[in-house]
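**Q** So the protein lines, in turn, are chains A and B. Sequential numbering of the first sequence, starting at 1, is according to full-length UniProt numbering. Sequential numbering of the second sequence, starting at 1, is according to full-length UniProt numbering. Glycine included, every Cβ here is placed at the ideal spot set by N, Cα and C. Predicted model, so just to flag it, every value in this text is computed and none were measured. Below are the structure tokens for one structure; questions will follow.
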Amino acid sequence: MSYRWDWSVLVSEPYLGWLLAGLGWTLLVAGAAWVLALAVGVTVGVLRTLPNRAARTLGTAYVETFRNIPLLLQLFVWYFVLPELLPAPIGNWIKRELPLPEYWTAVIGLGLFTAARVAEQTRAGIQAIGRGQTLAAAASGLTLAQSYRYILLPIAARNVLPPLTSEFLNVVKNSSLALTIGLLELTGQSRQIESATFHGIEAFTAATLTYVVLTTAVILVLRAVERLVAIPGLMARA
Amino acid sequence: MSDFDPDLLKAVAPFLWDGLLTSFGLLLLAMAGGGLLGSLLAVMRIAGPRPIAALAAGYVNGLRSVPLIMVIFWFYLLVPLVIGRAIGAFTSALVAFVIFEAAYYAEIIRAGIQSVPKQQLAAALASGLGPLQAYRFVILPQAVRKMLPILLSQSIALFQDTSLVYVVGLHDFMTAVSVTANREGHLVEFYLFAVAIYFTLCFAASQSVQLLNRQSVSP
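In structure tokens, the structure reads:
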């Protein structure tokens, strides 16, 4: 193996700046996509548990659609196909005037893809509560909306914290796909440094370690949240 | 969109078909390799002495905290360096998938085995079975029933993930579609065609897994 090591490339300009910019984009894409994924995902997940049949079908259709198409292809559809299919004025606005098109495409694509997974966790979290709570809520005079607001969702939110932690980690990792539409997040930047300097091992090591630190930090923070909001006596968690 | 000639699809069909075969080849080989390595890791974590178990745990947790694209780039760069000559993108991508998927399969297999109550093992041993027999006839049949649907779902996700070889230019189905779409100047039609193919395959597969899941639920 003939390889010329030079770790100093990582702290020399402009490459250090590239890595930091990449980390910044990773956080911005993952953060915004996560907000979108939670909002859409919880809504779709609740739809799938409602008594109304049409609502459940709509929720199922959403989940099946977004779960059965590769994320990479979904990004390409949002980026290359959608502007062509929309009415010309809107399509042209997206193509010519939307600021940061790669960023917003990545956020929407990743967010709506992840929403399908969040929806499944939300549904499972609500269904795990059992019918007793729902019936008791109805018997005590709560409307359907109130029983979700005051009984089901507060319990479900705690049920789904652990699976949502791993979905959030997936968002951080999947944000790397944004490089395929030209957004140079952390992985993309390390690839750039490799092309520019031929010091791929150093660049990939830096990016990989950054991901490990990032995911470890997320796990620690969310475990602390789990402990903080645990309902005493309801769930046996240390 | 209106000037799309259906004959074009016929002309490029062999190229796309080759891409699809590459995707399936990657899927099957990565399932086999990842499954074998994953089983080994699961056994190391459950039954291995402390340092071995820690090693397997480190492997699983490390791989699971890194994006798949990063792993694909790593092996695309590393494999030729280590063996000293250029190899095709297929081999380096396959190595990346086996190494990566093994971490996910290992966790599913471990969870499946650990979901069997401990008393089952104790009862099997008490009834005179040896440890290997206990696993072979008592633990594994129950564990496999629990983990099979999850293993299959993971494999559907793996099939979708094979599209990521796009980043190293390997001509799987996704890349073949993208190359054709750009060459012919029909992005909309070709990407929607790819959506139809991927959706049909993955939807059919996931519905079959759900069916299997309902059948295998213990009464």
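Please determine, among A:E226, A:R48, A:W78 and A:V212, the residue with the shortest C-alpha to C-alpha distance to A:A106.
**A** The option with the nearest alpha carbon to A:A106 is A:W78.
**Q** The alpha helix (DSSP H) with B:V82 in it runs from where to where?
**A** Taken as a continuous stretch (DSSP letters only), the alpha helix (DSSP H) holding B:V82 covers L68 to I83.
**Q** Can you pull the chain B neighbours of A:K95, defined as C-beta to C-beta under 8 Å?
**A** Here the premise fails: no neighbours, minimum Cβ distance about 12 Å.
**Q** A:I193 and A:Y15: beta carbons closer than 9 Å?
**A** Contact: yes.
**Q** Exposed or buried, B:K118, counting other C-beta atoms within 10 Å across all chains shown (16 or more means buried)?
**A** It counts as exposed.
**Q** Mind checking if A:E84 is an interface residue toward chain B, Cβ cutoff 9 Å exclusive?
**A** Closer than 9 Å to some Cβ of chain B, the Cβ of A:E84 qualifies, so yes.
**Q** Under a three-way DSSP split, which group does B:I150 fall into?
**A** Correct three-state label for B:I150: helix.
**Q** Could you pull out every residue in the same chain whose Cβ sits closer than 7 Å to the Cβ of A:A37, ignoring the five residues on either side in sequence?
**A** Contacts found: G111, T114, A115, V118 and V171.
**Q** So which of A:L164, A:P70 and A:T187 has the shortest CA-CA distance to B:F203?
**A** Among A:L164, A:P70 and A:T187, the Cα nearest to that of B:F203 belongs to A:P70.
**Q** Check this for me: beta carbons of B:A93 and B:V165, under 9 Å apart or not?
**A** Yes, these two residues count as a Cβ contact at 9 Å.
**Q** Which same chain residues, not among the five before or five after A:T210, have their C-beta less than 7 Å away from its C-beta?
**A** Hits under 7 Å: L23 and L186.
**Q** In three-state terms, what does DSSP make of A:P51?
**A** Of the three classes helix, strand and coil, the one that applies to A:P51 here is coil, per DSSP.
**Q** State the DSSP-derived secondary structure class of A:A128, mapped to helix, strand or coil.
**A** If DSSP states are grouped into helix, strand and coil, A:A128 belongs with coil.
**Q** Any C-beta of chain A sitting closer than 9 Å to the C-beta of B:Q160?
**A** Judged by the 9 Å Cβ criterion, B:Q160 is in contact with chain A.
**Q** Quick one, which of B:V167, B:E189, B:T180 and B:M174 has its alpha-carbon nearest A:G182's?
**A** Selected option, being the one with the closest Cα: B:V167.
**Q** Do the segment 97-116 of chain B and the segment 10-30 of chain B make contact, defined as three or more Cβ pairs closer than 8 Å?
**A** Taking 8 Å as the limit for Cβ pairs, the verdict is that the segment 10-30 of chain B does touch the segment 97-116 of chain B.
**Q** Under 9 Å between C-beta atoms, does A:E194 make it to chain B?
**A** For A:E194, the answer is yes, since a Cβ of chain B falls inside 9 Å of its Cβ.
**Q** To the nearest angstrom, how far is the alpha carbon of B:L26 from that of B:T162?
**A** B:L26 and B:T162: Cα-Cα distance of roughly 7 Å.
**Q** How should B:A86 be labelled, buried or exposed, when 16 other C-beta atoms within 10 angstroms of its C-beta is the threshold for buried?
**A** So B:A86 ends up on the exposed side.
**Q** Looking at the structure shown, is A:W25 part of a helix, part of a strand, or coil, going by DSSP?
**A** Note: A:W25 maps to helix in three-state DSSP.
**Q** Would you mind listing the alpha helix (DSSP H) stretches within the segment 150-216 of chain A that are 4+ residues and don't spill past its ends, in chain order?
**A** Listed in chain order, the complete alpha helix (DSSP H) runs (minimum 4 residues) inside the segment 150-216 of chain A are 153-159, 161-174 and 186-197.
**Q** Let me know the secondary structure DSSP gives A:V221 once reduced to three states.
**A** In this structure, A:V221 counts as helix in the three-state DSSP scheme.
**Q** Which residue spans inside the segment 94-120 of chain B form an unbroken beta strand (DSSP E) run of at least 3?
**A** For the segment 94-120 of chain B, not a single whole beta strand (DSSP E) run of length 3 or above is found.
**Q** My output table needs one value for A:W5: the three-state DSSP class, helix, strand or coil.
**A** If DSSP states are grouped into helix, strand and coil, A:W5 belongs with coil.
**Q** What's the C-alpha gap between B:F75 and B:G169?
**A** C-alpha separation (whole angstroms): 14 Å.
**Q** Starting from B:F137, follow the alpha helix (DSSP H) in both directions and report where the run begins and ends.
**A** Looking at the DSSP string, B:F137 is not in any alpha helix (DSSP H), and its letter there is neither H nor E.
**Q** Is there contact between the segment 37-57 of chain A and the segment 147-155 of chain B, where contact requires at least three CB pairs shorter than 8 Å?
**A** The segment 37-57 of chain A is not in contact with the segment 147-155 of chain B.
**Q** Buried or exposed: where does B:W17 fall if 16 or more other Cβ atoms within 10 Å of its Cβ makes it buried?
**A** It counts as exposed.
**Q** Express the C-alpha separation of A:I151 and A:A238 in angstroms, rounding to a whole number.
**A** Its pLDDT being 35, under 50, A:A238 is placed unreliably by the model, and nothing is read from it.
**Q** Tell me the DSSP secondary structure of residue 245 of chain A in three-state form.
**A** No information on residue 245 of chain A is available, as it lies outside the stretch 1 to 238 that chain A covers here.
**Q** Does any CB atom of chain A fall closer than 9 Å to the CB of B:G62?
**A** B:G62 counts as touching chain A.
**Q** Would you mind giving the Cβ-Cβ distance between B:A42 and B:I113, rounded to the nearest angstrom? I have them listed as a contact below 8 Å.
**A** That belief holds up - the Cβ atoms of B:A42 and B:I113 are roughly 7 Å apart, short of 8 Å.
**Q** Please decide whether A:T215 counts as near chain B, where near means a Cβ-Cβ distance under 9 Å.
**A** Closer than 9 Å to some Cβ of chain B, the Cβ of A:T215 qualifies, so yes.
**Q** For B:Q120, which option in B:P141, B:N61 and B:I197 has the closest C-alpha, if you only look at C-alpha atoms?
**A** Answer by Cα proximity: B:P141.
**Q** Cα-Cα, which of A:N52, A:L19, A:W5 and A:A30 is closest to A:T215?
**A** Of the candidates A:N52, A:L19, A:W5 and A:A30, the one whose C-alpha sits nearest the C-alpha of A:T215 is A:A30.
**Q** What does the alpha-carbon distance come out to for the pair A:W5 and A:A203?
**A** C-alpha separation (whole angstroms): 11 Å.
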